[in-house]
Amino acid sequence: GIDDRNEKAGPILVQRTQGSNERTSGSKEGSKEKIGQVRKVPRPSSLPNKPWEPNFKLKLNPPDYIKMKWVRGVSVYSEMTITNNLPFPQCYKMKCTDNSQFRVRPPMNFLDKGASASVKSIHHSYVLPEHNKHYFAIYHVKCTPEEMRARNFKRIWRRETQPDGVIRVPVAFEMGDVKISNSMKASGMPSSSTMTTITAGPISGPSRPGAKAPVGGRPRSNKKK
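Each number in my numbering comes from the position in the sequence shown (counting from 1) with 13 added on.
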């Protein structure tokens with residue numbers, strides 16, 4: 014069953030996704046895509062930096078938290094923008110709280126002064142995530158034009174590297190019951206209309222820079238082969 018921890022969070026709303034047709038007559042069952050019973054969740058708590066962590070100095074959109082729709086077993090994504098408003102190039106690194114549920118594309122990137130980059134955070138799980146539990150952490154550090162052209166992330170993010178700015182952006186989930194079209198079921202791909210396009214922020218620490226994290230909420234078997 015679904016772990017509905019937000020029963021008292023707000024009213025049940027019915028929303029149509031982009032591309033859905035208002036006219037239902039004459040359509041075959043399963044040919045339409047819509048999200049129903051979307052439950053609003055409270056705004057997540059802010060996450061202050063640790064005493065030794067410097068304040069985040071780049072610009073984020075959205076600036077304070079990420080909102081995602083949760084659908085059991087369906088991949089959804091949120092999109093955010095990071096802008097370098099500093100007078101010198103920057104390199105950022107973005108982490109998540111659970112590599113089995115989240116992916117970040119791209120997890121690291123260089124930003125010239127005044128430049129912006131789009132970051133996509135993807136979520137996939139079979140259980141509604143607990144409120145106020147997950148977040149993205151973003152770190153940034155100053156780099157030289159030569160380092161930016163070389164694009165050597167390992168050289169930038171060494172073990173001894175101290176970031177110039179840190180921020181943790183919490184994630185708020187809205188529960189939605191999604192009906193996917195027959196064509197999407199046949200292809201095994203999530204419908205684009207179930208994707209949530211939102212600007213976002215951070216996740217907490219990857220084990221190693223550039224590591225690809227698996228997506229999916231199914232528990233792994235502990236049986237020895």
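Heads up, the beta-carbon is just placed ideally off N, CA and C, and yes, glycines get one too.
Predicted model only: the values in this text are computed from it and were never measured.
- Item | Nearest neighbour of ASN165, chosen from ILE180, MET121, HIS147 [CA to CA] | MET121
- Separation of MET81 from VAL184, as counted between CA atoms: 7 Å
- Query: Which runs of the beta strand (DSSP E) fall wholly inside the region 101-174 and span at least 3 residues, in chain order?
  - Reply: 103-109, 115-118, 121-124, 129-136, 148-155
- Task: Note down the Cα distance separating GLY127 from PRO55, rounded to an integer number of angstroms.
- Result: 34 Å
- Residue interval of the beta strand (DSSP E) (run including LYS80): 79-83
- Message: I want to see whether chain B comes within less than 9 Å of ILE135, judged by CB atoms only; does it?
- Response: Protein chain content of the structure displayed is limited to a single chain, and chain B is not contained in it.
- Query: Beta-carbon separation of LEU124 and THR96 under 9 Å?
  - Reply: yes
- According to the neighbour-count rule (16 or more other Cβ atoms, all chains shown, within 10 Å of its Cβ), is LYS108 buried or exposed? buried
- Message: Quick check: what's the CA-CA separation for VAL117 versus ASN145?
- Response: 19 Å
- Straight-line Cα distance separating VAL182 from THR110: 11 Å
- Secondary structure of VAL182, DSSP reduced to three states: strand
- Message: Relative to the C-alpha of MET147, which candidate in VAL154, SER138, HIS153 has its C-alpha closest?
- Response: Note that residue 147 corresponds to His in the displayed sequence, not to Met. Closest option to HIS147, Cα to Cα, is SER138.
- Task: Select from GLN114, PRO75, LYS72 the residue whose C-alpha is nearest the C-alpha of VAL88.
- Result: Note that residue 88 is Ser in the sequence shown, not Val. The residue with the shortest Cα to Cα distance from SER88 is GLN114.
- Message: Between TRP83 and PHE186, how many whole angstroms is the CB-CB distance? I'm expecting something under 8 Å.
- Response: 4 Å
- Task: Please report the residue range of the beta strand (DSSP E) in which LYS63 lies.
- Result: Looking at the DSSP string, LYS63 is not in any beta strand (DSSP E), and its letter there is neither H nor E.
- Message: Using a Cβ-based criterion (distance less than 8 Å to any ligand heavy atom), does PHE123 qualify as near the ligand HEM?
- Response: This structure simply doesn't include the ligand HEM, nor any ligand for that matter.
- For VAL87, three-class secondary structure by DSSP: coil
- Three-state secondary structure (DSSP) of LEU71: coil
- Message: I need the DSSP call for MET197, collapsed to helix, strand or coil.
- Response: Unreliable placement is indicated for MET197, whose pLDDT of 40 sits below 50; the coordinate value is still reported in the next sentence. Residue state, collapsed to three classes: helix.
- Task: Select from MET161, ILE135, GLU173, TYR105 the residue whose C-alpha is nearest the C-alpha of LEU73.
- Result: TYR105
- In angstroms, rounded to a whole number, what distance separates the CA positions of SER129 and GLU143? 31 Å
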